[in-house]
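In mature numbering (1 follows the signal peptide of the UniProt record, and there is no 0), the protein residues as written are -16 to -1, 1 to 408. The beta carbon of each residue, even a glycine, is placed where N, CA and C say it ideally should be. Read the structure below first, then the notes.
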Amino acid sequence: MNVFLVLAAFLAVSFAFPIQYEMFEGHQVLRIVPQTKEQLEHLLAIESSGILVDFWIEPRQVGKAAHLRVTPQQHDDVLAYLKKHEMEHTIYIENLRTLVERESKELAERVPFNAGDDPSKITLNQYHTLADILAYMNSVATANPTLASIVNIGMSYQKQALTAIKIGNPGTNKPAVWIDGGIHAREWITTATVLYIINELTTKQSQYSKLLSTIDVYLMPVVNADGYTYTFTNDRMWRKTRSGPRSGCYGVDPNRNWNFKWGVAGSSNNPCSETYDGPSPFSEVEPKQVADFLTANKANLKAYFNLHSYSEDWMYPFGWAAHTYPADVNKLKAISAQAVAAIQAVNGEKFQYGSITDIVYPASGSTIDFTNAVLGIDYSFGMELRPNGDASNGFVLPPSQIIAGASETWAGLQVVLNAVANGQ
């Protein structure tokens, strides 16, 4: 009997998540630093050579490292392309399977959050499935009926719930802030960070009483519900939505699909590209429904945050063109400097700040360009959370770093939330 029990337990753990790490055998992540403007342009144009690539950190500036995942099938072609354009590389991750396999084993040991559980049972130092997250949000709202309420944003392409939670003490016509994560499916630390903030605001009510009496905070842990689920069940490195197929490929980059300067720069019209911007603006139901909610509530929304990983950046608009900024850019620079200082004070991590094009890369059709230019939300920010570009794990950030990463992010966000509460 004991043998059968042990076997059953083993099977339960083994099949808690499909064994997907084998697909990453031999995948490497290369670190490439373009030394000239010409090399930067060639690196940016690698897909035009016929090689569909997955940049973990896209080429940004001369002297700044890019991270490029290379499959065994692409390896020779990519190295030949780099050699042709006299670009050197180092190996950032030798074998991606090793990281994903370790993470898969950690996931099998996680503590699920079930419907009806007390909110205190959430394990914030672990990554959670969409089912866990929705159950937790419902539990928080049930346990705190005067403080928190569920906001139904809509349904995903695959008919999964798109859910946010509103947290704030009773009041009318209060200024509001929106924080979301998980727009790119594989960026798990962003979703874990939003869960951390939900827990902070609802378990430390006396600490945040003044803030929550002044403003409401909307939090959406997973914007890209279908893609996020797919990272647990099929492909840990999935980034896009799950619509399609189009030309045999699935998904759209939901952060290139917003209806402002769509398709202008930093996106692709190839359905198989990681930065495919879709057949039309808001072709994807997920960004469209979030945008509809934001638009309906724009009179009260004073700040918007879109969380990403990785590289430790704090960004304001615009992403559609270089050296193009909102009229109040000096105000954005000032509060950004305060925010990154608050982040650094927690764990010593040094985030850089600037516009999307100043510090990252062109990205038109993005969330914060839309919320700033179309909805008039001045405090529109995107963040790239930890790790920085020198770490050796990229998107596969160990759960042991969740609390540190989430707490430093929250410190930066509070700078803006307090400014909103003070009418600044």
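Next item on the list: Leaving aside the five residues before and after D210 along the sequence, list all residues of the same chain whose C-beta is less than 7 Å from its C-beta, in chain order.
Entry: Spatial neighbours of D210 in its own chain (CB-CB distance under 7 Å, excluding positions within 5 residues in sequence) are listed in chain order as S140, Y141, Q142, Q144, T225 and R226.
Notebook entry, point to check: Which residues bound the alpha helix (DSSP H) around L179?
Noted result: Segment W172 to T187, the alpha helix (DSSP H) holding L179.
Notebook entry, point to check: Taking the beta strand (DSSP E) that E72 falls in, what are its first and last residues?
Noted result: For E72, there is no enclosing beta strand (DSSP E), as DSSP marks it with neither H nor E.
Notebook entry, point to check: By DSSP, does N136 sit in helix, in strand, or in coil?
Noted result: Strand.
Next item on the list: Just grab the DSSP bridge partners of F365 for me.
Entry: F365 pairs with F289.
Notebook entry, point to check: Which term fits E78, buried or exposed, when burial requires 16 or more other beta carbons within 10 angstroms of its beta carbon?
Noted result: E78 should be labelled exposed.
Checklist line | Buried versus exposed call for T215 [16 or more other C-beta atoms within 10 Å across all chains shown] | finding: So T215 counts as buried.
Notebook entry, point to check: With contact counted as at least three CB pairs below 8 Å, one residue from each stretch, are the region 299 to 317 and the region 356 to 365 in contact?
Noted result: Judged by Cβ distances under 8 Å, the region 299 to 317 makes contact with the region 356 to 365, as three or more pairs qualify.
Notebook entry, point to check: Among E270, V344 and K150, which one has its Cα closest to the Cα of I134?
Noted result: When E270, V344 and K150 are compared, the shortest CA-CA separation from I134 is found for K150.
Item checked: W304 versus A357, A280, K105 and P56, residue with shortest Cα-Cα distance -> Nearest of A357, A280, K105 and P56 to W304, Cα basis: A357.
Notebook entry, point to check: Is there contact here, the region 79 to 96 with the region 42 to 51, by at least three beta-carbon pairs under 8 Å?
Noted result: In short, these stretches do not touch, since the Cβ pair count stays below three.
Next item on the list: Please check the pair S103 and A127, which I expect to be a contact at CB under 8 Å, by giving their CB distance rounded to whole angstroms.
Entry: The displayed chain sequence assigns Pro, not Ser, to residue 103. That belief holds up - the Cβ atoms of P103 and A127 are roughly 5 Å apart, short of 8 Å.
Item checked: Residues that DSSP places opposite C233 in a beta bridge -> Looking at the DSSP assignment, C233 forms a beta bridge with R230.
Margin query: Let me confirm a value: S320 is counted as buried when at least 16 other C-beta atoms fall within 10 Å, else exposed. Which label applies?
Written below: By the neighbour-count rule (16 or more Cβ atoms within 10 Å), S320 is buried.
Notebook entry, point to check: Grouping DSSP H, G and I as helix and E and B as strand, with all else coil, what is L(-12)?
Noted result: Here L(-12) scores only 37 on pLDDT, less than 50, and its place in the model is too uncertain to base an answer on.
Note to self: In this structure, how does DSSP classify Q336 when only helix, strand and coil are distinguished?
What the structure shows: Q336: strand per DSSP, three-state reduction.
Notebook entry, point to check: Using a Cβ-Cβ cut-off of 6 Å (strictly less than) and excluding sequence neighbours within five positions of L401, which residues of its own chain qualify?
Noted result: Excluding sequence neighbours, L401 sits near V161.
Check: Between the Cα of T156 and the Cα atoms of L195, L146, I199 and S193, which residue gives the shortest distance?
Finding: Minimum Cα distance to T156 is reached at I199.
Next item on the list: Starting from the C-beta of Q336, find all residues in its chain whose C-beta is less than 8 Å away, skip the five residues before and the five after it, and write them out in chain order.
Entry: Correct list, in chain order: E296, D297, W298, V324 and I343.
Next item on the list: Can you tell me which of the three DSSP states H26 falls into?
Entry: H26 falls in the helix class under three-state DSSP.
Item checked: Beta-carbon gap between S293 and E368 smaller than 8 Å -> If you check the CB distance, S293 and E368 come in under 8 Å.
Note to self: Given this structure, state the Cα-to-Cα distance separating F(-2) from D219, to the nearest angstrom.
What the structure shows: Low local confidence applies: a pLDDT of 41 at F(-2) is under 50, so the model's placement there is unreliable, with the coordinate-based value given in what follows. In this model, F(-2) and D219 are separated by some 15 Å (Cα to Cα).
Notebook entry, point to check: Got a sec? Which residues, its chain only, sit under 6 Å from A388 by beta carbon, not counting five neighbours each side?
Noted result: The residues N331, in chain order, have a CB closer than 6 Å to that of A388 in the same chain once the five nearest residues on each side in sequence are set aside.
Check: Can you tell me where the alpha helix (DSSP H) with W304 in it begins and where it stops?
Finding: Per DSSP, W304 lies in no alpha helix (DSSP H) segment and is marked neither H nor E.
Check: Tell me the DSSP bridge mates of R53?
Finding: According to the DSSP secondary-structure assignment, R53 is paired through a beta bridge with V13 and D38.
Next item on the list: May I have the straight-line CA-CA distance separating L131 from W394, to the nearest angstrom?
Entry: When rounded, the distance between both Cα atoms is 19 Å.
Next item on the list: List the DSSP bridge partners of D164.
Entry: Beta-bridge partners of D164 (DSSP): M204 and N290.
Note to self: Beta-carbon within less than 6 Å of F266's beta-carbon, same chain only, minus the 5 sequence neighbours each way: which residues are those?
What the structure shows: In chain order, N243 and K272 place their CB closer than 6 Å to the CB of F266, counting only its own chain and leaving out the 5 sequence neighbours on each side.
Next item on the list: Check the DSSP bridge columns for L146 and list the partner residues they point to.
Entry: Note: L146 sits in a beta bridge opposite G138.
Item checked: Reduced DSSP category for D101 - H, G, I as helix; E, B as strand; rest coil -> DSSP, reduced to helix, strand and coil, places D101 outside both helices and strands of the structure shown, so it counts as coil.
Next item on the list: Would you list the one or two residues that DSSP bridges to Y111?
Entry: Residue pairing by DSSP places Y111 opposite no residue, since no beta bridge is assigned to it.
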